[in-house]
Amino acid sequence: VRGGGHTANPFFSSTYGVLIAMTRFNKVVYDPALQTVEIGTGLRWEDVYSHLAPYNRVVLGGRVSGVGVAGFTLGGGIRCSMFA
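What the sequence shown shows, in our numbering, is residues 2 to 85, in sequence order.
So, in structure tokens, the structure goes:
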């Protein structure tokens, strides 16, 4: 699964199989009445944070704002140490 594409090589894939790109799931919907937010998995956290800033709201997400929502949610992606 590729969400925001936060990787050193944009064409990298850890598999020779299917790569599911979430890039079109790119909406943030905030409901002020319920104080809930729907976050698209194709976004990067910087997109989410900037959308919620006018509402003075934050969510628990990636510390580095360029990290994708999908990769962070699925466990943080692949570490370089996995290939050592």
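In this text, a Cβ means the ideal position worked out from N, Cα and C, and glycines have one as well.
| task | Pull up the CB-CB distance for MET23 and ARG3, whole angstroms please, since I reckon it's below 8 angstroms. | result | 7 angstroms
| said: Short of 8 angstroms in beta carbon distance, which residues of its chain neighbour GLY67, apart from the five on each side in sequence? Order them along the chain. | reply: GLY5, HIS7, ARG45, TRP46 and GLU47
| request: Determine the contact status of PHE26 and THR42, defining contact as a CB-CB distance below 8 angstroms. | output: yes
| query | Mind checking ILE40: buried by the 16 CB within 10 Å criterion, or exposed? | reply | buried
| field | Beta-bridge partners of ARG45, as assigned by DSSP | value | GLY69
| field | Under the three-state DSSP convention, the category THR37 falls into | value | strand
| field | Nearest residue (CA-CA) to ARG58, options GLY76, TYR17 and TYR31 | value | TYR31
| query | If you compare alpha carbons, which of TYR56, SER51 and VAL19 is closest to PRO33? | reply | TYR56
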